[in-house]
Amino acid sequence: MIKIFKIVWQWLDDRLGISVLLSPMKHIAPQDSKWWYVFGSATLVAFIVQVASGVALAFSYISSSSQAYETLLFITNNAPFGRFLRGLHYYGASAMVLMIGAHMAQTFLFGAYKFPREMTWTTGILLLAFTLGMGFTGQLLRWDSTAAWSVVVAAEQAGRIPIIGDWVARFILGGNTIGGATLSRFFAIHVFVLPGIMFAFIGLHLWLVLRHGISEPPVAGKPVDPATYRAEYEELLKKSGKPFWPDLAWRDVIVVTGLIIAIAVAAFFVGPPALDKPPDPSILAADPRPDWYLLWYFALLALIPAKIEGYVMIGFPILIGLLLLFVPIWNHKGERAASRRPWAIAVVCLSVIMIGGLWWEGQQSPWSPNFEAQPLSEKVVGATSGPVFKGGQLFHDKGCLNCHLIQGLGGRRGPDLTYIADTLTRDNMVIRIVNGGTNMPAFGPSLKPGELDDLVAFLETRKRPLRPQDRSPIAENQIFQ
Amino acid sequence: MNTNLTESSSAPLAETPEEISRRRFFEKLSIALVGLCTAIVGVPLVGFIVAPFFRKLPEKWVTIGKPDDFQIGKTVAVTVIDPSSLPWAGVTAKSAVWLRRVSQDSFIAFSVNCTHLGCPVRWLEGAELFMCPCHGGVYYDDGTVAAGPPPRPLFRYDVRVENGEVQMRQAIVPISTTL
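These protein sequences, in sequence, are chains V and P.
All the letters of the first sequence, read from the start, carry residue numbers 478 to 958 under the working numbering.
All the letters of the second sequence, read from the start, carry residue numbers 69 to 247 under the working numbering.
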């Protein structure tokens with residue numbers, strides 16, 4: 478039996494060249510390439526998970542604006558393993574973004590983008606852009622209310638591009654508004670166009686890894702000199718190189734196994750993101766926001782001054798993209814060790830802090846009004862009748878509570894007014910309410926006679942309670958009188 | 069054997085002027101034919117994909133109700149069905165506008181799209197404000213910007229009362245090209 482198997486294998490191997498095809502797996506790599514070098518493999522495997530789970534989902538998903546939502550409900554609630562597969566696809570995407578980020582940070586900190594691997598880095602940056610494009614288009618294929626409104630947001634953002642913005646926006650919408658042509662357009666981009674380009678670039682990226690070799694871990698005081706680097710690298714491989722498979726690849730396999738288990742566990746126990754309401758653009762109670770990997774950019778657009786927003790919206794991604802693409806062009810030689818490149822550590826740390834901080838702000842979205850704010854209770858208002866009670870009701874009815882907090886209730890868009898009477902006088906309150914202020918509407922025209930007095934009466938009771946030690950005997954006497 | 073083939077193919081060939089001319093001709097012919105094939109397949113393909121750029125919106129008036137369906141002074145969300153939608157558009161053929169009956173025969177229709185990034189603004193009846201959930205844009209009842217990042221007032225659609233029906237010009241997503 479084994480003999481027959483061997484004969485069949487030898488015949489197939491001779492005719493198909495399988496061994497030759499797999500021989501790059503045994504390329505010689507520096508033996509010190511250890512745990513820091515696993516992120517590229519992990520990214521590739523996450524991509525394979527995406528392709529496999531995506532193909533499976535496509536067996537049931539219908540890319541029609543009218544039916545996609547129903548097929549997603551079917552996949553999630555009825556199809557065997559459907560919920561798990563949707564989860565796999567979602568967490569696989571998250572894993573791919575995380576791994577590509579880690580791979581990029583490691584390559585940058587190790588100076589592995591320097592000579593002769595400049596184009597390996599550049600193709601990697603393009604793959605990052607395609608991955609984010611896949612993430613965004615993938616979110617839109619989750620064709621619910623959030624997805625439909627996200628298309629509008631994307632079109633509006635594209636509309637800011639000078640000269641061609643309006644055309645690009647119409648291209649994204651598939652016409653003048655969301656409709657039958659919108660979803661199939663993103664389906665084609667997500668399933669055919671971007672994956673096709675990614676396959677080509679992954680092939681090129683891997684070819685470049687083989688062509689220039691896996692970079693050796695950097696050594697402080699041993700800068701890259703393009704004139705001598707290749708000879709030194711060859712010498713290093715001859716002296717201490719090891720075949721990638723299996724001597725070095727086992728670490729990759731361990732990490733990849735952990736990654737797959739983590740994705741599967743999240744998919745099984747946490748499940749895919751819940752579907753929002755149907756993609757009906759006449760449902761206006763929608764709050765579109767991107768998935769976590771683009772939430773930081775969403776937050777950035779909320780926090781920058783409105784005057785420069787249009788420029789940032791278009792210019793920031795272009796600037797970051799160009800910076801990343803051209804890093805190895807102006808910095809292709811010299812020290813590789815992070816210990817001799819403190820600015821490299823600073824760039825990575827600042828990027829992580831910035832993205833993390835903006836992501837956190839995006840999660841909180843303090844700039845968004847709280848539409849769920851409920852009327853304040855009598856206990857919070859501190860009265861059951863009279864001007865203070867009426868003012869407390871008006872505080873909700875006039876929308877003040879959508880943007881301001883009272884004892885932890887309400888919105889966070891404006892200042893917390895729990896103790897506003899400690900800082901503003903009655904006159905200041907009146908001026909602020911009537912005329913508005915920075916980022917606050919003027920309520921003067923919309924308040925009926927008496928409503929302003931009631932509102933101010935309520936706000937004047939918003940004082941920090943006096944502690945016993947703050948109460949002077951005179952004040953105590955006045956209270957009791 | 070392969071090495072010999074490679075060597076012989078890379079060796080300089082002794083070409084006569086006729087051979088050179090013939091070779092150049094076939095080279096140019098092949099490139100031209102490849103270009104032609106690319107154009108035959110590519111032009112319709114690109115045209116098909118970018119067609120939405122050039123699709124002109126028919127100037128259609130859509131009936132959204134009768135005047136008596138709306139109270140004077142009230143602002144309500146009205147669902148509009150896109151009359152030129154594709155048959156498979158489903159619920160995406162719907163859109164909405166904020167409609168206010170100002171007087172007996174006068175109506176204002178505001179776009180529901182925030183001029184900042186297009187998110188759906190909500191009307192707060194008591195506050196008489198439009199508010200956007202995305203980045204906190206706020207508009208007064210006349211659609212002018214009250215607070216937040218919107219660069220311009222809410223767009224308005226043309227509305228008319230014709231043959232006892234309230235009609236508005238077809239709703240499209242207004243694109244704020246501010247740069």
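Note that the Cβ used here is the ideal one computed from N, Cα and C, for glycine as well.
The model shown is predicted, which means the values in this text are computed figures rather than measured ones.
Not flagged as an interface residue toward chain V: GLU230(P), since no C-beta distance is shorter than 8 Å. For ARG190(P), the uninterrupted beta strand (DSSP E) segment begins and ends at 190-192. With respect to the C-alpha of PHE935(V), the residue from GLY891(V), SER862(V), ASN912(V) and TRP836(V) having the closest C-alpha is SER862(V).
Along the region 915-944 of chain V, the positions whose C-beta sits under 9 Å from a C-beta of chain P are THR915, ASN916, MET917, PRO918, ALA919, PHE920, PRO922 and SER923, read in chain order. With respect to the 8 Å criterion, GLY891(V) and HIS881(V) are classified as neighbours on the basis of their beta carbons. Interface residue (Cβ-Cβ distance to chain V less than 8 Å): ILE243(P) is classified as such. Minimum Cα-Cα distance from GLU937(V) among the listed residues VAL907(V), LEU605(V), VAL911(V) and ALA919(V) corresponds to VAL907(V). Counting along the chain, GLU230(P) sits inside the beta strand (DSSP E) bounded by residues 227-230. Nearest neighbour of PRO135(P) by Cα position, chosen from SER171(P), GLY205(P) and ARG90(P), turns out to be SER171(P).
Note on ILE655(V): 16 or more other CB atoms within 10 angstroms of its CB, so buried under the neighbour-count rule. Less than 8 Å separates the beta-carbon of GLY718(V) from that of ALA506(V). Interface residue (Cβ-Cβ distance to chain P less than 8 Å): GLY834(V) is not classified as such.
Taking all protein chains shown into account, ILE484(V) has fewer than 16 neighbouring C-beta atoms within 10 Å of its C-beta and is therefore exposed. Residue burial annotation: THR900(V) is exposed, with fewer than 16 other C-beta atoms found within 10 angstroms of its C-beta. Taking CB atoms only, PRO201(P) has a neighbour in chain V less than 8 Å away. Residue range 162-169 is occupied by the beta strand (DSSP E) that includes LYS162(P). Not a single C-beta of chain P is nearer than 8 Å to the C-beta of THR623(V). Taken through DSSP and simplified to helix, strand or coil, PHE138(P) comes out as coil. Between the region 792-806 of chain V and the region 689-707 of chain V there are fewer than three C-beta pairs closer than 8 Å, too few to call the two in contact. Following the DSSP letters along the chain, one finds GLY133(P) in no alpha helix (DSSP H) but inside the beta strand (DSSP E) bounded by residues 129-133. Minimum Cα-Cα distance from SER537(V) among the listed residues LEU521(V), ASN554(V) and VAL526(V) corresponds to ASN554(V). In the structure shown, the three-state DSSP call for TYR514(V) is helix.
LEU521(V) and THR614(V) do not touch by the CB rule: their CB atoms are close to 20 Å apart, not below 8 Å.
In the structure shown, ASN905(V) adopts helical secondary structure according to DSSP, grouped into three states.
The beta carbon of GLY859(V) sits closer than 7 Å to those of VAL865 and THR938, all from its chain and outside the five residues before and after it, given in chain order. Per the C-alpha coordinates, the member of LYS875(V), GLN841(V), GLY735(V) and LYS699(V) positioned closest to PRO918(V) is LYS875(V). For THR147(P), the nearest CB of chain V lies under 8 Å from its own CB, placing it at the interface with that chain. Distance from the CA atom of TRP513(V) to the CA atom of VAL730(V), rounded to whole angstroms, is 13 Å.
Within chain P, the C-beta atoms nearer than 9 Å to that of GLN634(V) come from LEU185 and GLY186, in chain order. When CB distances to chain P are screened at a threshold of 7 Å, the residues of the region 642-671 of chain V falling below it are GLY642, ASP643, TRP644, ALA646, ARG647, PHE648, LEU650, GLY651, GLY652, ASN653, THR654, ILE655, GLY656, GLY657, ALA658 and THR659, in chain order. For SER179(P), the enclosing beta strand (DSSP E) stretches over residues 175-179. Restricted to the region 752-808 of chain V, the alpha helix (DSSP H) segments that are unbroken, complete and at least 4 residues in length are 769-780 and 783-807, listed in chain order. Between the alpha carbons of GLU838(V) and ILE641(V) lies a gap of roughly 32 Å.
Sorting HIS566(V), GLN840(V), PHE648(V) and LEU777(V) by C-alpha distance to the C-alpha of PHE116(P) places PHE648(V) at the top.
In the structure shown, the three-state DSSP call for PHE198(P) is strand.
Annotated three-state conformation of VAL732(V) is helix, per DSSP.
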